[in-house]
Every structure is written in C-alpha cells, then in structure tokens.
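Residue numbers (the UniProt record's numbering): 1 to 338. Backbone N, C-alpha and C fix where the C-beta goes; we use that ideal spot for every residue, glycine too. As the structure is a computational prediction, the values presented were derived from the model and not from experiment. Note sheet for the following structure.
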C-alpha cells in the first residue's frame, strides 16, 4: 500500500491543524469504500498500519483509507503545540475537539478530495467512538453546507459508557488515574521501546504496532533532551475526569438515536475479555443489545486481544473489519447528513 500525509489548516470549526495519512491499496477499487479511521486516546493515526497491511491486501472493495490524528496526539501535537499549551487546553481535552478536527479535515481543500462524493465508512476505536458519534449527529456540524455521506459504521471495542451505569464512574476514575500516573518521558526512543516492551499494557502488542507507537506517539521535548508522550498526562487525565467531560452522555444518546432509527448499518467488533475488573461488561452488554435490535447491523465477538485488539491482533482485527464491510449493503442509498 502507498501512503501520503496531508494537513488541514485551522478553520472556523476547528482552531487546530489536523494531520491525516491516506493509504491506497495496490488494487484500489475505484467505486469502493473510503474508510475513515479515528484512533483511541494516547495513540496516533498510524496505529492501524499493521492491521491495514492485512486488510488492504485481502479486500477488493476499498478505494482508500484515511486515518486522522486527534489534534493533541502524534505529529499533530507538534503542529499544535503552542495552542495546546494555552490555559484552556493544558489540563483538559474533549471528544468534541476530535470531532471538530475530523470534520474540518474532511471538508477542507488541503487534500483535493471531495469526501461528500465518497462512499464513507466511519471506523473508530475505544474513546474515539464518542468523537465519531458527535461527528454524525452534533448540531455544531449541521451549520455547514457540506455533506458527508456514511454508508456504515464499524465500532472497535467502543467506549460508549452510559453515565447512569455505576461502572462508568469506576472506569472514568480508573482511566484518569492510569493517565495521570503513567510514565511520560524517556531519555531516548530506544529506551522508551525497551520500557514499553516489558510493560503489562504494551507487551502483548504486535511488535510493528509498538514500534509505530514509539515513532509516532512520542515527540521530542521542548528542550530536545528527551522524548515525551505527545498527548500529555494532564490532558488525557482531564479527558476522563473533567466534570464537563463530553465523551459519555451525548455520544451514548446519539448511539441510541442511530440504532433506533435503524437506517445506518452499525457493526460492533468487541472482545469480551475484560482487563478492567469486569467493569466494561455492563456497557458492552448495552452496546450489543442496541445493535442486535437493528435489522442491518452486526456484532462480532473476538476471543482474544482484549480492548487493544487492533494493536495486539492486527490480522484478527482486519478479518473482522472485512466481514463488517462485506455485510454492509452496497446498494444502500440511505445517507446520513452531517
């Protein structure tokens, strides 16, 4: 597969630059799907590359793939560093910022692509699903005259957490604590790789995914004397712990709206292996029940890989995504307006 980087400039919708990478399969299908990927918190847009190597080698229904950085992650964090250090962002982040950046990129002219003419499939992992939900139905994006037409959604172990569930509070506090206490700097990238390769949260990752994390999820410190996490601990913790955190209530409402409308096929790929003391199971049961109530969606349960299965089991993830794409009705004329 070939790849190319593109960057959109700040817009009326989004104050940040947004960098994305386009992947084009060797056998690109001219009238095929355009996949739009959003990554989980603390990761980066290139994190799906090991999985895409499998998917694009096997699929004959894909035109191209676009993976978009959250603006305070990956290479985009370097482009946006000055604004990210402002007091309004230093200790806070929101799902809406990722949704704005995605919308701003897709409707910009920096890439020369008319995404409104594409057969889009939205794919998101973990907390990025909240941004994808907001992108689809938030009133903020209906102000634009541009339209983006999604044929289906593929949600990878989605962090759609109903706020009324006690487990949601437990998980928010747990993830906030993880974020605020994890190691965030190393003297070199080689030292970072050695540390992470032995860390419980990373040691099961496919080696290619871990190498990409070290290359793309870390940036040089301001002094240049060490490497640090692109997404700061304080911003990630603020995302989970802020009293005004927006990744829970509204995204769950939109998810319910979409499943009840039963117009847009929603495919969930999830792993019931729970690394978080069983606290994700209530929300997973809720998500599965909602999608099973639709007539055009699907649920796939993976037996291994855990929450990070796109990084741990990239081939398994690719096969599951291909099944979801195959089950999408290609003759669908139903369109979701942003």
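Of the listed residues 314, 6, 276 and 246, nearest to residue 133 (C-alpha basis):
Taking the first residue of the chain shown as 1, we reach residue 133 at position 133. With distances taken between CA atoms, residue 133 lies nearest to 246 out of 314, 6, 276 and 246.
Taking the DSSP output, what are the residues bridged to residue 20?
In the chain shown, residue 20 corresponds to position 20, counting from 1. Its beta-bridge partners are 6 and 68.
Please look up how many angstroms separate the CB atoms of residue 325 and residue 59, rounded, as I've assumed it's under 8 Å.
For the purposes of this step, residue 325 is taken as the residue at position 325 of the chain shown. For the purposes of this step, residue 59 is taken as the residue at position 59 of the chain shown. Distance from residue 325 to residue 59 at the Cβ level is roughly 7 Å; contact confirmed, criterion being Cβ atoms closer than 8 Å.
Could you give the DSSP three-state label for residue 26: helix, strand or coil?
Residue numbering aside, residue 26 sits at position 26 when the chain shown is read from its first letter. It is coil, neither helix nor strand.
Can you tell me which of the three DSSP states residue 33 falls into?
Here residue 33 is taken as the residue at index 33 of the chain shown, counted from 1. In the structure shown, residue 33 adopts extended strand secondary structure according to DSSP, grouped into three states.
Look at the Cβ atom of residue 156, then the Cβ atom of residue 259, and state whether they are nearer than 9 Å.
The sequence position of residue 156 within the chain shown is 156, counting from 1. The sequence position of residue 259 within the chain shown is 259, counting from 1. Contact flag unset, no.
I need the DSSP call for residue 233, collapsed to helix, strand or coil.
Working through the chain shown from its first residue, we reach residue 233 at position 233. Looking at residue 233 - three-state DSSP - the assignment turns out to be helix.
The segment 260 to 269 contacting the segment 283 to 303, beta-carbon criterion three pairs below 8 Å
Of all C-beta pairs linking the segment 260 to 269 to the segment 283 to 303, three or more are shorter than 8 Å, placing the two stretches in contact.
Using 9 Å as the threshold, is the C-beta distance between residue 16 and residue 80 below it?
As a position in the chain shown, residue 16 is number 16, starting the count at 1. As a position in the chain shown, residue 80 is number 80, starting the count at 1. Against a cut-off of 9 Å, the Cβ pair of residue 80 and residue 16 comes out as a contact.
Give a yes or no on whether the C-beta atoms belonging to residue 206 and residue 322 are separated by under 9 Å.
Here residue 206 is taken as the residue at index 206 of the chain shown, counted from 1. Here residue 322 is taken as the residue at index 322 of the chain shown, counted from 1. No.
For residue 193 versus residue 210, is the C-beta distance shorter than 9 Å?
Translated into positions along the chain shown, residue 193 becomes position 193. Translated into positions along the chain shown, residue 210 becomes position 210. Cβ distance < 9 Å, so residue 193 and residue 210 count as in contact.
Can you name, in chain order, every residue of its own chain whose Cβ lies under 7 Å from the Cβ of residue 116, other than the five neighbours on each side?
Stepping through the chain shown from its first residue, residue 116 is reached at position 116. Contacts found: 146, 147, 148 and 149.
If you compare alpha carbons, which of 215, 131, 287 and 274 is closest to residue 40?
Start at 1 with the first residue of the chain shown, and residue 40 comes out as number 40. Nearest option by C-alpha distance: 131.
What residues in its chain sit with their C-beta under 6 Å from that of residue 283, if we drop five residues either side in the sequence?
Here residue 283 is taken as the residue at index 283 of the chain shown, counted from 1. The beta carbon of residue 283 sits closer than 6 Å to those of 161, all from its chain and outside the five residues before and after it, given in chain order.
Whether residue 216 touches residue 51 by CB criterion (9 Å)
Here residue 216 is taken as the residue at index 216 of the chain shown, counted from 1. Here residue 51 is taken as the residue at index 51 of the chain shown, counted from 1. With contacts defined as CB atoms closer than 9 Å, residue 216 and residue 51 fail to qualify as a contacting pair.
For residue 179, which option in 237, 225, 140 and 49 has the closest C-alpha, if you only look at C-alpha atoms?
Taking the chain shown and counting its residues from 1, one reaches residue 179 at position 179. Check the Cα spacing between residue 179 and each of 237, 225, 140 and 49: the tightest is with 237.
Minimum C-alpha distance to residue 279 - residue among 208, 254, 74 and 174
In the chain shown, the residue the question calls residue 279 occupies position 279. With distances taken between CA atoms, residue 279 lies nearest to 174 out of 208, 254, 74 and 174.
Status (buried if at least 16 other CB within 10 Å, exposed otherwise) for residue 190:
Counted from its first residue, the chain shown places residue 190 at position 190. With fewer than 16 Cβ atoms within 10 Å of its Cβ, residue 190 is classed as exposed.
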